[in-house]
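In our numbering, the protein residues as written are 14 to 283. Glycine residues also receive a C-beta, built at the ideal position from the N, C-alpha and C atoms. One structure is given below, encoded as structure tokens.
Below, the structure is given as structure tokens:
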């Protein structure tokens, strides 16, 4: 069996099919794993979700911020924005099945020597802490507290971790770290507005804020982390244990597939 990890699909199914054909993916023996954001912005959100769910045990994903946004809309907490491409899912005959399936997906996956997460892991958390806190939110999503979770999911505060946090604020911050984070301080204080690449972060972002993965004392520096979310990084090399897979297909870049057995990349461009 070969495990393949793909970056953010964002409703772009045709290039995924081309990638899987190129590596001769066979769902009876291989497995496809996604870094989250299966849907939204692209033209085939419904078809993408159906395809991924239809792979059964040959597919795994972590939840991304766009996936959680869809769930919040489906639960009546938010309205779609003009940029969203989710109407086909929300009006589909199998909507409930798709939404229920998506809501069961984790925020963090451990596959052999790799950890897969949508955005990243803050520098002040160990991998053990990240797994524990991700599992905490995953249990909330599967419980009768899920509606409360979605009601409190949106927002940028609190922006610094404390074990004393509880309820919606605690869940929100864990979620923001794992699904929205780009810049933070060494102590994990989040800055969630800047989306540009590090060399373009701008003079308005204080020097104490750096990419989450760049802090020298990061607790997970020896862990192999696969992540998506930050298309502006363009998949460039960040260090031997970091594997950025969101190369921005929906914005005109490539779609990147990683073979976990070899560490090699296959890319599909528009």
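Where does residue i land, buried or exposed, given buried means 16+ other C-beta within 10 angstroms?
i           : result
residue 268 : buried
residue 276 : exposed
residue 189 : buried
residue 233 : buried
residue 264 : exposed
residue 143 : buried
residue 176 : exposed
residue 261 : buried
residue 213 : exposed
residue 126 : exposed
Contact check, residue i vs residue j under 8 Å by CB: the rounded distance?
i           : j           : result
residue 62  : residue 52  : 6 Å
residue 42  : residue 66  : Rounded, the Cβ-Cβ distance is 19 Å, inconsistent with contact.
residue 74  : residue 55  : Actually they do not touch by this definition, with Cβ atoms about 16 Å apart.
residue 32  : residue 281 : 5 Å
residue 87  : residue 166 : Going by Cβ atoms, the distance from residue 87 to residue 166 rounds to 13 Å, so no, they are not a contact pair.
residue 23  : residue 82  : Contact flag wrong, Cβ pair sits at about 12 Å.
residue 93  : residue 100 : 7 Å
residue 162 : residue 184 : 5 Å
residue 8   : residue 238 : Here the chain comprises residues numbered 14 to 283, so residue 8 is not present and cannot be evaluated.
Please go through the same chain and pick out, in chain order, the residues whose beta-carbon is closer than 7 Å to the beta-carbon of residue i, but skip the five residues on each side of it.
i           : result
residue 191 : 120, 121, 130, 131, 132 and 147
residue 222 : 196, 197, 198 and 204
residue 194 : 132, 133, 135, 203 and 225
residue 236 : 128, 140 and 254
residue 231 : 136
residue 172 : 202 and 203
residue 279 : 32, 35, 36 and 270
residue 243 : 195, 257 and 259
Just to confirm, are residue i and residue j a CB contact at a threshold of 9 Å?
i           : j           : result
residue 16  : residue 273 : yes
residue 169 : residue 218 : no
residue 149 : residue 187 : yes
residue 241 : residue 21  : yes
residue 28  : residue 211 : no
residue 116 : residue 154 : yes
residue 57  : residue 103 : no
residue 44  : residue 72  : yes
Is residue i helix, strand or coil by DSSP?
i           : result
residue 273 : coil
residue 74  : strand
residue 57  : coil
residue 237 : strand
residue 256 : strand
residue 153 : helix
residue 164 : helix
residue 190 : helix
residue 283 : coil
residue 25  : coil
residue 129 : strand
residue 278 : strand
residue 268 : strand
residue 224 : strand
residue 87  : helix
residue 105 : coil
residue 262 : helix
residue 179 : coil
residue 63  : helix
residue 39  : coil
residue 45  : strand
residue 122 : strand
Considering only residues of the same chain and omitting the five flanking positions on each side of residue i, which have a CB-CB separation below 8 Å?
i           : result
residue 105 : 59 and 111
residue 159 : 88, 116 and 153
Closer than 8 Å to a non-hydrogen atom of the ligand PLP - does that hold for the CB of residue i?
i           : result
residue 260 : Inclusion of the ligand PLP in the displayed structure is not the case, the ligand content being empty and no account of it being possible.
Cutting at 6 Å between CB atoms, please list the residues of its own chain near residue i, excluding the five before and the five after it.
i           : result
residue 76  : 49, 118 and 120
residue 245 : 209 and 210
Could you confirm whether any beta carbon from chain D is found closer than 9 Å to the beta carbon of residue i?
i           : result
residue 109 : Judged by its chain identifiers, the structure shown contains no chain D, having just a single protein chain.
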